[in-house]
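When the letters of the sequence shown are read in order and numbered with the working numbering, they come out as residues 8 to 290.
See below for the structure under consideration.
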Amino acid sequence: MSARSFEPRGVIPACLMPFNADMKIDEAAWTAHLRDIASVDGIAGIAINGHAAEVHALTIPEQERAVIQAREVLGPLGVPVVAGVYTESSLEAGRMAAQAQREGAEGLLVFPPAFMSLGGHMRPEMIEEHIRHITDNSDLPIVLFQFPVISNLSYPLATLIGLCEKFPTIRAVKDQIGDGNQHERQIRELHALDNPVNVLTTHSAWLLGSLAMGCDGLLSGAGSVIADLQVALFRAVEANDLATAKAINDRIYPTVRAFYDAPLLDMHNRMKEALVLLGKMSE
């Protein structure tokens, strides 16, 4: 393994996954979707095998095929691939990380295993071991997914900081903590580390406020539809242009209501329907 140069910052859309009526992946539609997102000027990469791609419903072979196909499409376009590592098994997580690196992914998005919801916050050594299996098998930059507090899958701040200090390939945290006070504290403390760690917000329902706290970018399924607006908003915030940022946020807000109203589990179906209405995805 060799050192990797991809820095997870900026706007990284998380792609959707279209299916046929028999629930098999519609590969033609998916490659078209990847090319559509990749055509947006200013994106820093595309995340695959995440929530937006309904990774919970994908088999391991389907996830592996997704990495291969994404690289085939995005590699020639110079768009980095960030591959999700979503599994209950720490051994499998290591295998998935190794496979993603072999197939040319530039980064990993590491999900917390669901068993952590049963008090894992009290046993930080469990998530340390999970991540160690990944870093023993891959030196790709890691985006560590910080889940909402209410999920019982979020890492306490001390654990989050400890993980970043123990595993230097953690180069960013995808932050969905869901609490503004904790969000800001995480940003400040991750930036203050001897080896600073980027924060990619996924608080898409209050994106402007989140970015204004100092996030280094965003990683969001809504980018499958509105990546152009997300890039424009991020650039305006970076430039401290509040008037422009507010105007762009006003354009984003109707999609917030359309995508993220209850029940939240429908959000990615709504994004697909938006692409159908835009003529970018078939029914």
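Glycine included, each C-beta is placed from N, C-alpha and C at the ideal position.
Problem - CA-to-CA distance, Leu-116 to Met-8, given in whole angstroms - result: Unreliable positioning characterises Met-8 in this predicted model, as indicated by a pLDDT of 40, which lies under 50. The coordinate reading is nonetheless provided below. Spanning the two alpha carbons is a distance of roughly 18 Å.
Problem - Selection from Ser-124, Gly-101, Val-86, Ala-112 that minimises the alpha carbon distance to Ile-75 - result: Ala-112
Practice task
Could you name the residues of the same chain whose beta carbon sits closer than 8 Å to that of Pro-203, not counting the 5 residues immediately before and after it, in chain order?
Solution key: Leu-197
Exercise for the section: Quick one: which unbroken alpha helix (DSSP H) runs of 4-plus residues sit fully inside the segment 89-142? Chain order, please. Expected result: 97-109, 131-142
Practice task
Apply the 10 Å Cβ neighbour rule to Tyr-260 and answer buried if 16 or more other Cβ atoms are within range, or exposed otherwise.
Solution key: exposed
Handout entry: Residue burial classification, Ala-36 (beta-carbon count within 10 angstroms, cutoff 16)
Key = buried
Exercise for the section: State the Cα-Cα distance for the pair Gly-57 and Met-129, rounded to the nearest angstrom. Expected result: 26 Å
Problem - Counted within 10 angstroms of its Cβ, other Cβ atoms place Asp-201 as buried (16 or more) or exposed - result: exposed
Exercise for the section: Measure the alpha-carbon distance for Met-288 versus Gly-169 and round it to whole angstroms. Expected result: 43 Å
Practice task
Determine the closest residue to Asp-43 out of Asp-248, Phe-241, Cys-22, with distance taken between C-alpha atoms.
Solution key: Cys-22
Practice task
Report the three-state DSSP secondary structure of Pro-83 (helix, strand or coil).
Solution key: helix
Handout entry: Beta-carbon proximity of Pro-148 to Pro-20, cut-off 7 Å
Key = no
Handout entry: Option in Ile-177, Leu-236, Ile-194, Asp-182 with minimal Cα separation from Ala-252
Key = Leu-236
Handout entry: Start-end ranges of the beta strand (DSSP E) lying completely within the segment 165-247, minimum 3 residues
Key = 177-182, 205-208, 224-227
Problem - Val-156 (DSSP reduced to helix, strand or coil) - result: helix
Problem - Whole-number beta carbon distance between Phe-241 and Val-47, since they are thought to touch under 8 Å - result: Not quite, the Cβ-Cβ distance comes to about 12 Å (not below 8 Å), so this is no contact.
Exercise for the section: Closer than 8 Å by C-beta to Val-156: which residues in its own chain qualify, once you throw out the five before and the five after it? Chain order, please. Expected result: Ile-184, Gly-185, Asp-186, Gln-189
Handout entry: Nearest neighbour of Gln-106, chosen from Ile-141, Asp-273, Val-80 [CA to CA]
Key = Ile-141
Practice task
Please state whether DSSP places Leu-151 in a helix, a strand or coil.
Solution key: strand
Problem - Which of helix, strand or coil DSSP assigns to Phe-26 - result: strand
Handout entry: Span separating the alpha-carbon of Leu-102 from that of Ala-73
Key = Per the sequence presented here, residue 102 reads as Arg, with Leu not at that position. Near 15 Å, if we compare the C-alpha coordinates of Ala-73 and Arg-102.
Practice task
In angstroms with no decimal places, state the Cα-to-Cα distance between Lys-181 and Ala-28.
Solution key: 32 Å
Practice task
List the residues that DSSP assigns as beta-bridge partners of Val-18.
Solution key: Ile-50, Leu-225
Practice task
Just grab the DSSP bridge partners of Ile-55 for me.
Solution key: Ala-90
Exercise for the section: Just the C-alpha distance for Gly-228 and Ala-59, rounded to the nearest angstrom, thanks. Expected result: 5 Å
Problem - Status (buried if at least 16 other CB within 10 Å, exposed otherwise) for Lys-173 - result: exposed
Exercise for the section: Can you grab the Cα-Cα spacing for the pair Gly-85 / Asp-223, in whole Å? Expected result: 21 Å
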